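Chains as they are written, first to last, in numbering that gives the first Met the number 0: chain A, 0 to 117; chain B, 0 to 494.
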Amino acid sequence: MSVPHISAFYFGSIALVLIGLYAILVKKNILKMLIGLSIMETGVNLLLVSIGYISGRSAPILSEGIGPNQAVDPIPQALVLTAIVIGVATTAMALSAVIVLYKRYGTLNVEEIRRLRG
Amino acid sequence: MNGQYASLLIALPLLGAFFVPLIKGLGKKAIKTYVLIITAIQTGIAAWVFQEVYSTGKPIIVIAGGWKPPVGINLYLGYFASLFVLIVALASFLMAVFNFKAVDVEPIDKYAMLFLLLMLGATGMIATGDIFNLFVFMEITAITAYALTAYNKTGEAAEASLKYMILGGIGSSFFLIGVALIYGATGTLNMAQIAQLAGHINPTVAQVGLALIIFGLAVEAELFPLNAWAPDAYQASPHPVTAMFSAFVVKAGLYAMARVLYLMSSVGTWHNVLKLLVVMATLTVVVAEFSALRQRNVKRMIAYSSISQVGLIALAFALGTQAGVDAGVFQMINHAIIKVLLFLGVGYVAIQLGGAEIENFRGLGKRMPVTAFGITVGAFAAVGIPLFNIFWSKLRIILATLQVGYTWAAFLVLGASVVEAVYYFRLIHTIWFEGEGERISESIPLVAIVVALVILVIAIGIYPNYLWSISQKAGSDIFNVAQYIKNVPLMGVGA
């Protein structure tokens, strides 16, 4: 089984973070900004998993033929599991705020949503 | 008593929040009373922990599930954490009293749950000894804060909440990248073990990881480029929640920042990060004070004032000396007292008179004399006038700044205090010397809280030494990392 070199994972995940950040900074539509936020979170999660990856080892489920020495680092996977749930909760929360915002303002353009200022 | 009972500080608000839906049918008043009782018990436990830690001089280490650190997660209730857990619980308790007057929007059961979870998140952030656990508690705090900001369901509330969520989302992603880098370099998530290994990791990796973590926490801690959400959130959220944000959510972020910063103090490139933080903190103070100057909404004005005080605390923590950290802790305590007083007063006025615009404050001295008096004392103290508490902490921070040699920072911060005096005295003038009005009867529990806080402010202002010695102990808890490592019973696993 040929596995890409580990730096491809790092490069890909950081690229996802940057794409997400770009979307948040540049897009005018709030929903697109939230999509950017989700992409960024995905990138972070992928980075976390790839940090725990040890070349050539299998999933850290101890069973016949797979001992502790043949498994990848299990800790980042626990972290990512938590971070994914947190990301989903934040997104759900943000989407419900977007619904309220659209009902009250009638627009999702960040340049027009400026009632609080000063 | 066994120190492991201190884990109730986390368990009680969590259980309390889970039981709210069960008593939902009993009505509004019952739910508010329930929150009041839970926060009162929490205050009792926190007071016990505080007394225990300060009388024995040893930190309470709660070991989760019997797995010794660094394998398991531990809570570290040292001098600092026990003090601030008490402040968090007390502020929540006072705001639970305020809830009776201040929160009429439905659904109250969800409000009660979020209120308890906010208290839980801040307590956890302060108590935890594990860096990923810190992230989880930070997210609990942040997500409840987002929801509570949007609680009033007006367009403004949703707008403020969305700004907060997007900034907070970026911040927490960066924090997590920082955690990933540090985990990749050290192979551990336990703070004590990270501190132990910090000297041996690649300084560039450590610097980038630390900077990312600081950047992520700066969103919660309202430092300059990342604090645009704060005035909006303060203005749009329910009044008790505003006071909680200012009294402890920010403090939890600042504390976490200071803790992580000093853990890594043996890293070679540490001073670069400190310099960055000094610049950010000074800018926070200056920008916030000038923004406060042109506000018409008093709640927003005090929000900016709160941000500037937080900048002062961050400046003190960024100095990298014992004196600075002590002064920062002292300012954190004083600021928590003052901001509970001010936001309680202003929130109460906004409820009675329908809005926190400055026009409503005309003639307040004649209409609501006790509340007006409370706001006045809070304003005097915030400016830093002698005989009030913040005078002492501001003085200590300025002195510590000069000691390190940042004359420009001390100069800018002092200059900003003059600006602060201008807008607070304008408010006081509007309250006492303008407008006429009928007397409005004030609610007795709230007036009692205001008077008690005023007495506390003046008492600390006249006798600062007791609190100063507590702050010194709490400060050494953050600054003395070697002692911190020694206190946590590491099993000697891993690298």
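Glycine included, C-beta positions come from ideal geometry on N, C-alpha and C.
In this text, all values refer to a predicted model and were calculated from it rather than measured experimentally.
Problem - Proximity of I38(A) and G19(A) at Cβ, strictly below 7 Å - result: Within the first sequence, residue 38(A) is the residue found at index 39, counting from 1. Within the first sequence, residue 19(A) is the residue found at index 20, counting from 1. Result yes, Cβ atoms of I38(A) and G19(A) sit closer than 7 Å.
Problem - Residue of K152(B), T148(B), M490(B) minimising C-alpha distance to K162(B) - result: As a working mapping, residue 162(B) is identified with position 163 in the second sequence. When only C-alpha atoms are compared, the closest one is T148(B).
Handout entry: Contact belief for S91(B) with Q41(B) at Cβ below 8 Å, rounded distance in angstroms
Key = Your numbering for residue 91(B) matches position 92 in the second sequence. Your numbering for residue 41(B) matches position 42 in the second sequence. Indeed, because the Cβ distance is near 7 Å, the residues count as touching under 8 Å.
Exercise for the section: Leaving out five residues on either side along the sequence, give the residues of the same chain with a beta carbon under 6 Å from the beta carbon of Q294(B). Expected result: Locating residue 294(B) in the second sequence gives position 295, where the first residue counts as 1. If we look at Q294(B) and ignore the five residues flanking it on each side, its Cβ neighbours are M300.
Practice task
Please name the residues in the region 160 to 181 of chain B whose beta-carbon is closer than 7 Å to at least one beta-carbon of chain A, in chain order.
Solution key: Close to chain A, meaning a Cβ-Cβ distance shorter than 7 Å, are the following residues of the region 160 to 181 of chain B: S160, L161, M164, I165, G168, I169, S172, L175, I176, A179.
Problem - Contained alpha helix (DSSP H) runs [length at least 4] in the region 44 to 124 of chain B, N- to C-terminal order - result: Counting only runs of 4 or more, we get 78 to 101.
Problem - Beta carbon proximity, T89(A) to chain B, threshold 7 Å - result: Here residue 89(A) refers to the residue found at position 90 of the first sequence. Yes, T89(A) lies at the interface with chain B (some Cβ there is under 7 Å from its Cβ).
Practice task
Would you identify the three-state DSSP class for I439(B), choosing helix, strand or coil?
Solution key: Here residue 439(B) is taken as the residue at index 440 of the second sequence, counted from 1. Coil, per DSSP.
Practice task
With DSSP as the reference, label S62(A) as helix, strand or coil.
Solution key: The residue labelled residue 62(A) in the question sits at position 63 within the first sequence. For S62(A), the secondary structure class from DSSP, reduced to helix, strand or coil, is strand.
Practice task
Please state whether DSSP places E138(B) in a helix, a strand or coil.
Solution key: Position 139 of the second sequence holds residue 138(B). E138(B) falls in the helix class under three-state DSSP.
Exercise for the section: Please confirm if R103(A) has its CB atom under 7 Å from at least one CB of chain B. Expected result: Here the question's residue 103(A) lines up with position 104 in the first sequence. Output row for R103(A): interface = yes.
Problem - Proximal residues, the region 68 to 100 of chain A versus chain B, C-beta separation under 9 Å - result: Listed in sequence order: D72, I74, P75, A77, L78, T81, A82, I85, G86, A88, T89, T90, M92, A93, S95, A96, V97, I98, V99, L100.
Practice task
Can you tell me which of A287(B), A355(B), F342(B), L253(B) puts its alpha carbon nearest to the alpha carbon of S307(B)?
Solution key: As a first step, residue 307(B) must be located in the second sequence, where it is residue number 308. Checked all of A287(B), A355(B), F342(B), L253(B); the closest Cα to S307(B) is A287(B).
Practice task
Could you say if the region 474 to 485 of chain B and the region 335 to 353 of chain B meet the contact criterion of at least three C-beta pairs nearer than 8 Å?
Solution key: Short answer: they don't touch.
Handout entry: Min CB distance G198(B) to chain A below 7 Å
Key = In the second sequence, residue 198(B) corresponds to position 199, counting from 1. Chain A contact via Cβ: absent.
Practice task
To the nearest angstrom, report how far apart E111(A) and L166(B) are at their CA atoms.
Solution key: Here the question's residue 111(A) lines up with position 112 in the first sequence. Here the question's residue 166(B) lines up with position 167 in the second sequence. C-alpha separation (whole angstroms): 19 Å.
Handout entry: Endpoints, alpha helix (DSSP H) assigned at Y462(B)
Key = As a first step, residue 462(B) must be located in the second sequence, where it is residue number 463. Here Y462(B) belongs to no alpha helix (DSSP H), and DSSP marks it neither H nor E.
Exercise for the section: Just the C-alpha distance for I582(B) and Y52(A), rounded to the nearest angstrom, thanks. Expected result: Since the first residue shown for chain B is 0 and the last is 494, residue 582(B) is missing from the structure and cannot be characterised.
Handout entry: Residues bridged to S57(A) (per DSSP)
Key = In the first sequence, the residue the question calls residue 57(A) occupies position 58. In the DSSP output, where bridge partners are listed per residue, S57(A) has A70(A).
Practice task
Would you verify that the beta carbon of M0(A) is, or is not, closer than 7 Å to some beta carbon of chain B?
Solution key: Along the first sequence, read from residue 1 onward, the residue named residue 0(A) stands at position 1. A caution first: M0(A) carries a pLDDT of 47, below 50, which makes its placement in the model unreliable, though a value can still be read off. So no, M0(A) is outside the interface.
Problem - N296(B), DSSP secondary structure in three states - result: Residue numbering aside, residue 296(B) sits at position 297 when the second sequence is read from its first letter. N296(B) falls in the strand class under three-state DSSP.
Handout entry: Span separating the alpha-carbon of M124(B) from that of I130(B)
Key = For the purposes of this step, residue 124(B) is taken as the residue at position 125 of the second sequence. For the purposes of this step, residue 130(B) is taken as the residue at position 131 of the second sequence. Rounded to whole angstroms, M124(B) to I130(B) spans 10 Å at the Cα level.
Handout entry: Sub-7 Å separation of A29(B) and V84(B) beta-carbons
Key = Numbered from its first residue, the second sequence carries residue 29(B) at position 30. Numbered from its first residue, the second sequence carries residue 84(B) at position 85. No.
Problem - Three-state secondary structure assigned by DSSP to G493(B) - result: Your numbering for residue 493(B) matches position 494 in the second sequence. With a pLDDT of 48 at G493(B), under the threshold of 50, the modelled position of this residue cannot be trusted; read the value that follows with caution. In this structure, DSSP gives G493(B) a state outside helix and strand, which the three-state scheme calls coil.
Problem - Interface residues of the region 21 to 42 of chain A facing chain B [CB-CB below 7 Å] - result: Look at the region 21 to 42 of chain A: the residues with a C-beta under 7 Å from a C-beta of chain B are I23, I29, M32, L36, M39, E40.
Practice task
Please decide whether L47(A) counts as near chain B, where near means a Cβ-Cβ distance under 7 Å.
Solution key: The residue you call residue 47(A) lines up with position 48 of the first sequence. Yes, L47(A) lies at the interface with chain B (some Cβ there is under 7 Å from its Cβ).
Exercise for the section: Alpha carbon to alpha carbon, how far is N108(A) from P12(B)? Give it in angstroms, no decimals. Expected result: Here residue 12(B) corresponds to residue number 13 of the second sequence, with the count starting at 1. Here residue 108(A) corresponds to residue number 109 of the first sequence, with the count starting at 1. Distance between the alpha carbons of P12(B) and N108(A): 39 Å.
Exercise for the section: Note down, in chain order, each residue of its chain lying with its Cβ closer than 6 Å to the Cβ of Y254(B), except the 5 sequence neighbours on either side. Expected result: Walking along the second sequence from the start, residue 254(B) turns up at place 255. Excluding sequence neighbours, Y254(B) sits near I125.
Problem - Within 8 Å of chain A by C-beta, residues of the region 419 to 436 of chain B in sequence order - result: Contacts with chain A (Cβ-Cβ distance below 8 Å) from the region 419 to 436 of chain B involve no residue at all.
Exercise for the section: Out of V285(B), G353(B), F360(B), state which residue places its alpha-carbon closest to the alpha-carbon of G414(B). Expected result: The count along the second sequence starts at 1 and reaches residue 414(B) at position 415. Among V285(B), G353(B), F360(B), the Cα nearest to that of G414(B) belongs to V285(B).
Exercise for the section: Using alpha carbons as the reference points, say which of Q69(A), A58(A), G66(A) lies closest to P75(A). Expected result: As a position in the first sequence, residue 75(A) is number 76, starting the count at 1. Answer by Cα proximity: A58(A).
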